[in-house]
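Residue numbers (numbering that gives the first Met the number 0): 0 to 345.
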Amino acid sequence: MSLTASNLTFRFPKSPFLFNNLSLNLGKNQIVGLFGINGAGKTTLLKLLSGLLFPTSGRCTVEDQDGHTLSVHDRQPSTLSDIVILPEQFDLPRMTATRYRDIYAPFYPRFDHELLTTLLAELDVTHSIETITLDKLSYGQRKKFLIAFSIATGATYLLLDEPTNGLDIPSKSQFRRVLARDIFQDRCVIISTHQVRDLGQSIDHLLILHNHSIVLSESMDTLTQIFRMTRDIPASFGQTPSNQAPDSEFLYTEPILGGQMILTARPSGSFSFRGDADAPLPGDENTDVRESADSWERAEPFDAEPFDAEPFDMEFFFNAVVSNTEAIGSVLQHHALQHDELQHRE
0 MSLTASNLTF RFPKSPFLFN NLSLNLGKNQ IVGLFGINGA GKTTLLKLLS
50 GLLFPTSGRC TVEDQDGHTL SVHDRQPSTL SDIVILPEQF DLPRMTATRY
100 RDIYAPFYPR FDHELLTTLL AELDVTHSIE TITLDKLSYG QRKKFLIAFS
150 IATGATYLLL DEPTNGLDIP SKSQFRRVLA RDIFQDRCVI ISTHQVRDLG
200 QSIDHLLILH NHSIVLSESM DTLTQIFRMT RDIPASFGQT PSNQAPDSEF
250 LYTEPILGGQ MILTARPSGS FSFRGDADAP LPGDENTDVR ESADSWERAE
300 PFDAEPFDAE PFDMEFFFNA VVSNTEAIGS VLQHHALQHD ELQHRE
C-alpha cells in the first residue's frame, strides 16, 4: 500500500503556482518528516494528500489492501477512513471527549477504543474529560486529545501538521514516546513541522519541500551513511586548524560559537576532481549524470584530526539542502548510481 502524488500542480485563485509537477510516493512502516520554509506549501500538500483540496492537475491516490489504486479526490468513504489529517489550527465542538468519540469513531472501521484510553493516559489528558467539554480545555490539552484520537482511528495514513506546536516540554516528550511505540506498524505518519529539534530522533524518512517541488526524499539511514557533520572549533578563538579539510569538500558550513559546523560527504560519497577544473559537477543540468560522474572519483579521506563527528542534526541539514540544493542532490545522485552499479554486479 502507498500514498502517491503524481505530477501534482496546484495554485490558489489569482496566485502563482505553488506546486508544479510535484510527485512523491510514501509507503507504510515509516514516520516521515516534511520540512520546508514558511510558505513552501507544507500544509497545502497535506490537504491535497488528504482530499481536502483539489489539484489544478495531477492526482493523489492510495493503494488499498487488494492492490486497487483509488483516487483520494473521489472521496470514497473507504478511502477517507484510511487517511486522517490533524491540522495545526482547529476548533472542537462543545461536547465531552466521550461524546466526541461516540459520534466520530464510527467513521473509522478500525477504531481502537482501548488504544484511545491508553494514549489519553500516556499524554496525561484523563482528568475531567468526562465532564468538561473539549472547548474548555487548554490548547495543549485539546491538541493532545486530537493526537490520541487520530492515532486510535486505525487509519493507515496519519498527516500531522505541526503536532508539537502549543505543547509544553513534558508534553513534547510524551508525544515522542508515543511515536516510539510499536503501534505504527503497517502505517505511515507524515509530520509537517518547523520544530525539527523536537522530532529529529523520531523521523526515519525525510522530505524537503522547496521551490515548488520535493527536492529531497531519502531515508535517514541513507542520509547518515552519505553525509557527515563535524564541528570545527580551533584551539583558541581566531586560530585556523592547520590541517583543515579543503573547502572543496564542504557542502555547507554554518557558524557556531567559536567555530563552524561543516557538512561533507563521507569518503564513499564525496567527490574529488580528476581532470579539467572546468568540467561540470555531477548533476549539472547540461550534463548527463552518468557521464559527469565518470569524471569524478571518490575522495581519499582527508585528515580529520581537528574535527569531532557530530550526531545528525536535521535542522542543520535542512539549512544545507535549502542553501545548496544542487550540490547535495549531486552527491545523492552519485550515491544512487554507485548503488545501482553494485546491485548490477551482484
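Where is the CB? At the ideal position from N, CA and C, for every residue including glycine.
Between residue i and residue j, what straight-line distance do the alpha-carbon atoms span, to the nearest angstrom?
i	j	result
L336	A4	25 Å
Q259	S137	41 Å
K41	E340	35 Å
T239	R230	Because the pLDDT at T239 is just 48, under 50, the model does not fix this residue reliably, and the value given afterwards should be weighed accordingly. T239 and R230: Cα-Cα distance of roughly 13 Å.
L122	F106	24 Å
Q64	S22	22 Å
L17	F9	6 Å
V288	I327	Per-residue confidence for V288 stands at a pLDDT of 37, beneath the threshold of 50, marking its modelled position as unreliable; the derived number appears in the next sentence. The alpha-carbon atoms of V288 and I327 are separated by roughly 14 Å.
L48	G257	44 Å
D220	V124	34 Å
D167	L119	16 Å
T152	P12	34 Å
T60	S329	30 Å
E113	E325	48 Å
I131	T95	6 Å
N323	L7	24 Å
D134	T78	29 Å
T163	K171	6 Å
P300	P266	Model confidence at P300 stands at a pLDDT of 40, short of 50, so the residue's coordinates are unreliable; what they give is reported in the following sentence. Straight-line Cα distance between these residues: approximately 5 Å.
S14	T55	12 Å
L44	V214	14 Å
I202	R176	12 Å
L25	L2	5 Å
F306	K27	Caution is warranted here: a pLDDT of 44 is assigned to F306, below 50, making its placement in the model unreliable, and no coordinate value can be reported.
I225	P310	13 Å
P108	I146	18 Å
H343	F148	46 Å
K143	F53	29 Å
E290	G57	The pLDDT assigned to E290 is 39, lower than 50, so where the model puts this residue is not dependable; a value taken from the coordinates is nonetheless given after this. Between E290 and G57, the C-alpha separation is close to 32 Å.
T116	G165	22 Å
H333	Y99	52 Å
Q200	Q75	35 Å
H72	D81	13 Å
I36	F315	13 Å
T252	H338	27 Å
D185	R196	26 Å
E161	N210	21 Å
V321	L51	28 Å
H193	E87	12 Å
Below 8 Å on the Cβ atoms is my contact criterion, and I expect residue i with residue j to pass it. Report the Cβ-Cβ distance as a whole number of Å.
i	j	result
I377	L178	Residue 377 is absent from the structure shown; the chain starts at 0 and stops at 345.
A319	L208	Wrong, their Cβ atoms sit about 15 Å apart, outside the cutoff.
L331	E248	Contact flag wrong, Cβ pair sits at about 16 Å.
T97	M0	32 Å between Cβ atoms; not a contact.
L206	L33	5 Å
I128	I150	Actually they do not touch by this definition, with Cβ atoms about 16 Å apart.
R141	L91	6 Å
Assuming residue i is part of the beta strand (DSSP E), what are its boundary residues?
i	result
F249	249–255
R230	226–231
D160	156–160
I189	187–191
Please state whether DSSP places residue i in a helix, a strand or coil.
i	result
M219	helix
G165	coil
T324	helix
Q259	strand
I202	coil
N6	strand
H334	helix
D275	Low per-residue confidence applies at D275: pLDDT is 37, beneath 50, and the placement is therefore not dependable, though the value from the model is reported in the following sentence. The answer is coil: DSSP assigns D275 none of H, G, I, E or B.
A264	strand
H343	helix
H211	coil
S291	Here S291 scores only 38 on pLDDT, less than 50, and its place in the model is too uncertain to base an answer on.
A298	Reliability of the predicted coordinates at A298 is poor, the pLDDT of 38 falling under 50, and the value obtained from them is presented with this limitation in mind. It is coil, neither helix nor strand.
G237	Residue placement at G237 is poorly supported in this model, since its pLDDT is 47, which falls under 50; the coordinates are not used for a value here.
Taking the alpha helix (DSSP H) that residue i falls in, what are its first and last residues?
i	result
R141	138–151
I'd like to confirm something about residue i: is its beta-carbon nearer than 7 Å to some heavy atom of the ligand NAD, or not?
i	result
P266	This structure does not include the ligand NAD; it has no bound ligands of any sort.
Complete runs of the alpha helix (DSSP H) confined to the segment 8–66 [at least 4 residues]: Residue ranges of uninterrupted alpha helix (DSSP H) with 4 or more members, entirely inside the segment 8–66 and ordered along the chain, are 41–49.
Ordered list of beta strand (DSSP E) runs contained in the segment 76–135, each at least 3 residues: Segments of the beta strand (DSSP E) lying fully in the segment 76–135: 82–85.
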